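Numbering (the working numbering), first residue to last: 8 to 410.
Quick reminder that beta carbons are idealized off the backbone N, C-alpha and C, glycines included.
No experiment lies behind these values; they were computed from the predicted model shown.
Data first, discussion second: the structure below is written as structure tokens.
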């Protein structure tokens with residue numbers, strides 16, 4: 008038996024932010040990040056709509072990119088005092104992910120962060136509050152997923168929280184919010200979405216309910232991502248839907264080791280973060296080559312190449328054409344091909360922010376942590392410690408995967 012879970016309601020299209028007017032409740036806390044929602048007027052509109060619905064509104068601002076355990080605990084304390092019956096998270100993946108974790112702690116004050124990270128082990132939520140997620144970026148799709156990514160900065164590790172309980176009750180996918188994204192964010196979140204869709208399609212947990220969502224998302228991203236990066240607003244709007252479809256797929260089909268590796272390298276190095284979407288973009292071609300040694304995975308990558316119209320007479324050729332296409336997409340989006348050339352802000356650089364000696368020093372532990380990541384279990388091939396280290400080296404140096 009398998010399960011397929013999505014938000015009960017999903018409002019989409021321009022103007023869908025107004026759905027907040029019809030919410031039923033007494034108190035709502037709005038969780039936001041660094042200020043783009045305020046600068047562009049969306050935060051004030053959301054608060055106004057909630058007040059129009061008759062609610063008292065509290066604001067929790069300043070959730071950082073790659074939110075920390077400390078931010079989660081601080082937000083949960085605010086919720087304990089305010090006692091909201093609606094938690095409304097708006098912005099990119101970070102504020103929504105943080106608010107999901109705050110929600111768990113708010114409902115169960117004695118729960119520890121370690122408890123939260125037990126895969127599909129959460130108690131029932133919605134005893135105190137319901138959850139609405141409003142996405143402003145076109146990549147994470149956390150507005151429709153059963154996942155949250157929180158960073159423990161002391162350990163330098165990102166931890167995925169995975170449980171259907173944290174699937175939002177309401178998702179609002181209003182493309183007007185995404186039109187304000189800077190192009191670098193368009194690139195990184197867009198490749199995150201492409202990775203979600205491809206990993207979901209080849210995941211060992213894929214099914215008839217997740218495959219159509221993944222394939223259609225891939226086709227939409229192929230058509231619209233580079234145009235969106237080049238500031239075609241019609242394509243920007245289409246990408247907001249495409250990433251959501253990819254999220255619906257992977258929330259149920261799960262992911263693979265591209266994400267395991269991105270989670271464990273993202274906060275591991277002293278000189279700065281490897282942005283999640285950029286990490287996915289760099290690692291995806293290498294992981295496709297690694298996974299294609301599995302015959303079932305190779306066939307499914309071939310199907311993706313067919314849907315994309317890439318040509319090829321055999322599955323091996325189709326895999327290589329898919330890899331070539333994704334590498335060209337990275338070039339078009341100004342994303343580097345490997346960690347060695349990953350510069351400030353995720354831009355290509357002759358000398359990247361991760362020195363070779365630091366990478367090699369941390370390689371064993373990063374590989375071990377990636378194998379233990381929640382996303383590894385649904386990958387088509389289960390890597391050994393040696394294989395994961397070799398794969399990470401290929402992602403550092405941009406060398407061929409031949410094992």
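So the candidates are 160, 147, 198 and 396; which of them puts its Cα closest to the Cα of residue 353?
The residue given as residue 353 occupies position 346 in the chain shown. Here the closest residue by C-alpha is 198.
Does the beta-carbon distance from residue 70 to residue 35 come in below 8 Å?
The residue you call residue 70 lines up with position 63 of the chain shown. The residue you call residue 35 lines up with position 28 of the chain shown. Going by C-beta atoms, residue 70 is not nearer than 8 Å to residue 35.
Counting C-beta neighbours from all protein chains within 10 Å, is the total for residue 6 16 or more, i.e. buried, or is it exposed?
Since the first and last residues shown for the chain are 8 and 410, residue 6 lies out of range.
Looking only at C-alpha atoms, which of 144, 21, 403 and 402 sits nearest to residue 235?
Along the chain shown, one-based indexing puts residue 235 at 228. Measuring from the Cα of residue 235, the nearest candidate turns out to be 144.
What residues in its chain sit with their C-beta under 6 Å from that of residue 229, if we drop five residues either side in the sequence?
Mapped onto the chain shown, residue 229 falls at position 222. Excluding residues within five positions, the ones whose Cβ falls inside 6 Å are 315.
Suppose you measure from the CA of residue 333 to the CA of residue 398; what does that come to, to the nearest Å?
Sequence index remark: in the chain shown, residue 333 carries index 326 (1-based). Sequence index remark: in the chain shown, residue 398 carries index 391 (1-based). Computed Cα separation, rounded: 18 Å.
Assign residue 410 to buried or exposed, taking buried as 16 or more other Cβ atoms, counted over all protein chains shown, within 10 Å of its Cβ.
Taking the chain shown and counting its residues from 1, one reaches residue 410 at position 403. So residue 410 ends up on the exposed side.
Tell me which residue opens and which closes the alpha helix (DSSP H) that residue 246 is part of.
In the chain shown, counting from the first residue as 1, residue 246 sits at position 239. Its alpha helix (DSSP H) spans residues 240 to 260.
How many whole angstroms separate the CB atoms of residue 375 and residue 392, which I take to be in contact at a CB cut-off of 8 Å?
Working through the chain shown from its first residue, we reach residue 375 at position 368. Working through the chain shown from its first residue, we reach residue 392 at position 385. Their Cβ separation, rounded to whole angstroms, is 6 Å, which keeps residue 375 and residue 392 in contact under 8 Å.
Of the choices 180, 304 and 140, whose alpha-carbon is the least far from that of residue 212?
Taking the chain shown and counting its residues from 1, one reaches residue 212 at position 205. Checked all of 180, 304 and 140; the closest Cα to residue 212 is 304.
Leaving aside the five residues before and after residue 83 along the sequence, list all residues of the same chain whose C-beta is less than 6 Å from its C-beta, in chain order.
Along the chain shown, one-based indexing puts residue 83 at 76. Excluding sequence neighbours, residue 83 sits near 109, 112 and 113.
Could you tell me which residues DSSP puts in a beta bridge with residue 38?
To locate residue 38, count along the chain shown from 1; it is residue 31. Bridge partners of residue 38: 67 and 96.
Looking at the structure shown, is residue 224 part of a helix, part of a strand, or coil, going by DSSP?
To locate residue 224, count along the chain shown from 1; it is residue 217. DSSP places residue 224 in helix when its eight states are reduced to three.
Pick out the complete beta strand (DSSP E) segments inside the stretch 145 to 199, 3 residues or longer, and give them in chain order.
Correct list: 154 to 159, 164 to 169 and 177 to 180.
Find out if the Cβ-Cβ distance for the pair residue 200, residue 250 is shorter than 8 Å.
Position 193 of the chain shown, counted from the start, is the residue given in the question as residue 200. Position 243 of the chain shown, counted from the start, is the residue given in the question as residue 250. Against a cut-off of 8 Å, the Cβ pair of residue 250 and residue 200 comes out as a contact.
For residue 141, which of helix, strand or coil comes out of DSSP?
In the chain shown, residue 141 corresponds to position 134, counting from 1. Of the three classes helix, strand and coil, the one that applies to residue 141 here is strand, per DSSP.
May I ask you to list the residues that DSSP assigns as paired with residue 16?
Within the chain shown, numbered from 1, the residue matching residue 16 stands at position 9. The partner list for residue 16 (beta bridge, DSSP) reads 177.
Suppose you measure from the CA of residue 356 to the CA of residue 347; what does that come to, to the nearest Å?
In the chain shown, counting from the first residue as 1, residue 356 sits at position 349. In the chain shown, counting from the first residue as 1, residue 347 sits at position 340. Cα to Cα, the separation comes out at about 8 Å.
At a cut of 8 Å, does the stretch 96 to 103 reach the stretch 39 to 52 through at least three beta carbon pairs?
Counting Cβ pairs under 8 Å, three or more are found: they touch.
Whole angstroms are fine: how far does the CA of residue 175 sit from the CA of residue 139?
What you label residue 139 is simply residue 132 of the chain shown in a count that begins at 1. What you label residue 175 is simply residue 168 of the chain shown in a count that begins at 1. Roughly 6 Å between the two C-alpha positions.
I'd like to know if the stretch 215 to 228 and the stretch 236 to 250 are in contact, where contact means that at least 3 CB-CB pairs between them fall below 8 Å.
Flag = yes, the stretch 215 to 228 and the stretch 236 to 250 touch.
Is it the case that the Cβ atoms of residue 387 and residue 209 are separated by a distance below 8 Å?
The sequence position of residue 387 within the chain shown is 380, counting from 1. The sequence position of residue 209 within the chain shown is 202, counting from 1. Cβ distance < 8 Å, so residue 387 and residue 209 count as in contact.
For the alpha helix (DSSP H) that contains residue 400, what are its first and last residues?
Position 393 of the chain shown holds residue 400. Looking at the DSSP string, the run of the alpha helix (DSSP H) that includes residue 400 is 392 to 404.
Quick check on residue 297: does DSSP put it in helix, strand or coil?
Working through the chain shown from its first residue, we reach residue 297 at position 290. Residue 297 falls in the helix class under three-state DSSP.
By how many angstroms is the C-alpha of residue 157 removed from the C-alpha of residue 400?
Sequence index remark: in the chain shown, residue 400 carries index 393 (1-based). Sequence index remark: in the chain shown, residue 157 carries index 150 (1-based). Residue 400 and residue 157: Cα-Cα distance of roughly 25 Å.
Which residues in the same chain as residue 62 place their Cβ atom closer than 8 Å to its Cβ, once the five residues preceding and following it in sequence are excluded?
Start at 1 with the first residue of the chain shown, and residue 62 comes out as number 55. Here the set comprises 30, 32, 33, 34, 35 and 93.
Give every residue of the same chain whose Cβ lies closer than 8 Å to the Cβ of residue 102, excluding the five residues on either side of it in the sequence, and list them in chain order.
Here residue 102 refers to the residue found at position 95 of the chain shown. Only 38, 39, 40, 70, 74 and 96 meet the Cβ criterion.
How many Å lie between residue 231 and residue 358 at the Cα?
Translated into positions along the chain shown, residue 231 becomes position 224. Translated into positions along the chain shown, residue 358 becomes position 351. Going from the Cα of residue 231 to the Cα of residue 358 covers about 31 Å.
Can you tell me where the alpha helix (DSSP H) holding residue 371 begins and where it ends?
Counted from its first residue, the chain shown places residue 371 at position 364. 363 to 379 is the extent of the alpha helix (DSSP H) around residue 371.
What is the DSSP secondary structure of residue 43, reduced to helix, strand or coil?
Numbered from 1 along the chain shown, position 36 holds the residue referred to as residue 43. In the structure shown, residue 43 sits in a helix (DSSP, three-state: H, G or I).
Is DSSP giving residue 91 helix, strand or coil here?
In the chain shown, counting from the first residue as 1, residue 91 sits at position 84. In the structure shown, residue 91 sits in coil (DSSP, three-state: anything other than H, G, I, E or B).
Return the CA-CA distance between residue 385 and residue 204, expressed in angstroms with no decimal places.
Sequence index remark: in the chain shown, residue 385 carries index 378 (1-based). Sequence index remark: in the chain shown, residue 204 carries index 197 (1-based). Computed Cα separation, rounded: 14 Å.
Does residue 214 pass the burial test, meaning 16 or more other C-beta atoms within 10 Å, or should it be called exposed?
Counting from one through the chain shown, the residue named residue 214 turns up at place 207. Exposed.
Can you give the Cα-Cα distance for residue 300 and residue 85, rounded to whole angstroms?
Start at 1 with the first residue of the chain shown, and residue 300 comes out as number 293. Start at 1 with the first residue of the chain shown, and residue 85 comes out as number 78. Cα to Cα, residue 300 sits roughly 50 Å from residue 85.
The alpha helix (DSSP H) that contains residue 335, what's its start and end?
The residue given as residue 335 occupies position 328 in the chain shown. Start and end: 322 to 339.
Looking only at its chain, what residues have a beta carbon closer than 6 Å to the beta carbon of residue 340, apart from the 5 residues adjacent to it on each side?
Residue 340 sits at position 333 when you count from the first residue of the chain shown. The residues are 194 and 236.
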